[in-house]
Amino acid sequence: MMAWMVLLLVALMLGAAVLVLVFDNLVAAIAAASVVSLLLSLVFVVLAAPDVALTEAAVGAGLSGAVLALGLRRLGLIDLIKGENNA
Amino acid sequence: MHKLASLLFALGLAFLLMGLAAQLPLGATPMGIGADILQRTPSEIGSANIVTAVVLAYRGIDTLGELTILFAAATTAGMVLSPAGGAAVRKAREDAGLVLRAGSDLLFPLLLMVGFYIVLHGHLTPGGGFQGGVVLAAAFFVSFLARAEKQPSHSCLSLIEAVAGAAFIGIGLAALLGGGAFLQPLLETGSVGALISAGSLPLLYLAVGLKVGAELASLLAHLAE
Amino acid sequence: MTLNPPDLITILAAGSVGLIAIGTIGLAVSRHLLRLVLALGLAEAGANLLLVLAGYRWDAVAPILTGAAPAGAMVDPIPQALVLTSIVIGVGVQALAVALMIRIKAAYGTLDIRELKVLLERDICAEAGIVPPSSIHRPNYQPPPGTALPARVASTGESA
């Protein structure tokens, strides 16, 4: 039972990692990277590492996404509505 | 052609790493030092969270290195991003929408409380200085984003960060001057599971939490303005 | 269809190696600087997962004492302490990279690594007072007419 759940988590994590490289819109790429960090923190809980899971959720999913999104805003590359090519 | 070559390289790297991982005794690792630390922590250090004991007591120098790296990154990012005219030249910001304003008013005391709880209970439950510091930085940053008139005073944040960092090193030096090693745990260990236990570990994590919180709040404020 | 317990570790090891491989592909293939930073973060996440996996033991609990007596086997606490440090360093590096990207964009106007390579080479050769080096593939290189490179934007006034 646990193995099926972990298989699902790992499959979603790898799928989101591929999407980071595939998306053209940079805001979507940052969101996919945050999803990878969130699923990774769940995997850390399965691996009996609650300290590491808390740090990964706070820092990877929260702070890293905020820093990258704020950087995007200052770079002028945010395009939420039309989703044009920002590369 | 370039993409095909990099795809082949990454597949080869993955194959080599899988071959390496297949030879490791994953799942039944012989914990040489780890088993020793698990046995000795309750009596020597007295903290319930053994990862905290490793981070602060057994490998305190590594934590000092991590604080140094974070300090270097945040200070350099602040220096790179500060506007050319100094503190006087700041763009005019505007208030955020109703959701962020109301949400930040509601969340600020809760985030402060949760942040300090995580920092102060680092030796009892999962958590500690870094996690709590991130939550504290988020508390101040959310209130900064919501309203235009709240300016972050970078000098106050630098002062908190400097005092907290000096306190961390000061406690380590006090251990050195007391005859032990640098950053050796001081004070008495107390009983495992009580709030006041594990010697100087809560004080060290408090210093770490304040330093990381002030640093990250200053970094986010530099990025956002 | 039941899976035997060792397959859990195989799945996780394959996941971590897959993350490292995807991060490496991203580093090699990406053209935009921000995507390079994201790919580096993915590779770091895969490496952290491999480290925590190395400390895992079967049917062991987290290394936190609840009550006075340790209950059974506990996982290795040392890789977890190392991964704590590694995660925080990863976000520090990302923050510094974003700050540098903002200044690069202000100075050169582009974040594409191929355009930046040409512009940087031109600027370095201009500062050094030498002609841009030509190779056997690019003897006496002149850009085709109509594709002139943008001029370097003047920096915002900090004097030495």
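Residue numbers (my numbering), protein chains in the order written: chain P, 1 to 87; chain E, 1001 to 1225; chain H, 2001 to 2160.
For glycine and all other residues, C-beta sits at the position ideal for the given N, C-alpha and C.
Residue span of the alpha helix (DSSP H) that contains residue i, given as start and end
i	result
His1154 (chain E)	His1154 to Leu1177
Tyr2108 (chain H)	Pro2077 to Tyr2108
Glu1188 (chain E)	Premise fails: Glu1188 (chain E) is in no alpha helix (DSSP H) and is neither H nor E.
Ile1033 (chain E)	Gly1032 to Glu1044
Pro2133 (chain H)	First-last for Pro2133 (chain H): undefined, no H or E at that position.
Thr55 (chain P)	Pro50 to Thr55
Asn1049 (chain E)	Neither: Asn1049 (chain E) is in no alpha helix (DSSP H) and is coded neither H nor E.
Leu2033 (chain H)	Leu2033 to Ala2054
Ala1221 (chain E)	Leu1201 to Ala1224
Where residue i falls: helix, strand or coil (DSSP)
i	result
Gly1027 (chain E)	strand
Asn25 (chain P)	coil
His1123 (chain E)	coil
Ile78 (chain P)	coil
Asp2112 (chain H)	strand
Leu1017 (chain E)	helix
Ile1196 (chain E)	coil
Arg1059 (chain E)	coil
Arg1093 (chain E)	coil
Met1001 (chain E)	coil
Met2 (chain P)	helix
Thr2156 (chain H)	Because Thr2156 (chain H) carries a pLDDT of 47, less than 50, the predicted location of this residue cannot be relied on, and the following value inherits that uncertainty. In the structure shown, Thr2156 (chain H) sits in coil (DSSP, three-state: anything other than H, G, I, E or B).
Whole-Å CB distance - residue i paired with residue j, under 8 Å assumed
i	j	result
Val2026 (chain H)	Ala2039 (chain H)	The amino acid occupying residue 2026 (chain H) in the given sequence is Gly; Val does not appear at that position. Gly2026 (chain H) to Ala2039 (chain H), Cβ: 3 Å. Contact.
Glu1215 (chain E)	Glu1161 (chain E)	5 Å
Phe1071 (chain E)	Gly1209 (chain E)	In fact, because the Cβ distance is near 14 Å, the residues do not count as touching under 8 Å.
Leu1183 (chain E)	Gly1199 (chain E)	11 Å between Cβ atoms; not a contact.
Val2093 (chain H)	Ala1138 (chain E)	At roughly 20 Å, the Cβ-Cβ gap does not stay under 8 Å, so Val2093 (chain H) and Ala1138 (chain E) are not in contact.
Leu1145 (chain E)	Ser1218 (chain E)	Actually they do not touch by this definition, with Cβ atoms about 14 Å apart.
Gly65 (chain P)	Ile30 (chain P)	6 Å
Asp1105 (chain E)	Thr2085 (chain H)	Incorrect: roughly 35 Å between the Cβ atoms, too far for contact.
Leu42 (chain P)	Leu2019 (chain H)	The pair is not a contact, with the Cβ atoms about 14 Å apart (cut-off 8 Å).
Val2061 (chain H)	Ala48 (chain P)	6 Å
Ala17 (chain P)	Ile2022 (chain H)	5 Å
Leu1038 (chain E)	Pro2077 (chain H)	7 Å
Val27 (chain P)	Leu72 (chain P)	7 Å
Ala1221 (chain E)	Phe1141 (chain E)	7 Å
Exercise for the section: Mind checking the region 32–58 of chain P against chain H and listing, in chain order, the residues whose C-beta falls within less than 7 Å of any C-beta there? Expected result: Ala33, Val36, Ser37, Leu40, Val43, Phe44, Leu47, Ala48, Ala49, Pro50, Asp51, Val52, Thr55 and Glu56
Exercise for the section: Give, in chain order, every residue of the region 2093–2119 of chain H whose Cβ lies closer than 8 Å to some Cβ of chain E. Expected result: Val2093, Ala2095, Leu2096, Val2098, Ala2099, Leu2100, Ile2102 and Arg2103
Problem - Short-range partners of chain P found in the region 1191–1223 of chain E, where Cβ spacing is below 8 Å - result: Leu1216, Leu1219, Leu1220 and Leu1223
Problem - Proximal residues, the region 2071–2088 of chain H versus chain E, C-beta separation under 7 Å - result: Met2074, Asp2076, Pro2077, Ile2078, Gln2080, Ala2081, Leu2084, Thr2085 and Val2088
Problem - Residues within the region 2034–2053 of chain H neighbouring chain P, beta-carbon criterion of under 8 Å - result: Leu2034, Arg2035, Val2037, Leu2038, Ala2039, Gly2041, Leu2042, Ala2045, Asn2048, Leu2049, Val2052 and Leu2053
Exercise for the section: Quick one: which residues of the region 6–20 of chain P get their C-beta closer than 7 Å to a C-beta of chain H? List them in chain order. Expected result: Val6, Leu7, Val10, Met13, Leu14, Ala17, Val18 and Val20
Problem - alpha helix (DSSP H) runs contained entirely in the region 1127–1156 of chain E, provided each spans 4 or more residues - result: 1129–1146
Exercise for the section: May I ask you to list, following chain order, the residues of the region 1028–1053 of chain E that have a beta carbon less than 7 Å from some beta carbon of chain H? Expected result: Ala1028, Thr1029, Met1031, Ile1033, Gly1034, Ile1037, Leu1038, Pro1042, Ala1048, Asn1049, Ile1050 and Val1051
Exercise for the section: Could you please tell me which residues of the region 60–81 of chain P, in chain order, have their CB closer than 9 Å to any CB of chain E? Expected result: Gly62, Leu63, Ala66, Val67, Leu70, Gly71, Arg73 and Arg74
Exercise for the section: Could you list the residues in the region 2018–2032 of chain H with a C-beta less than 7 Å from some C-beta on chain E, going in chain order? Expected result: Gly2018, Ile2020, Ala2021, Thr2024, Ile2025, Ala2028 and Val2029
Problem - Interface positions of the region 1140–1158 of chain E facing chain H (Cβ-Cβ less than 9 Å), listed along the chain - result: none
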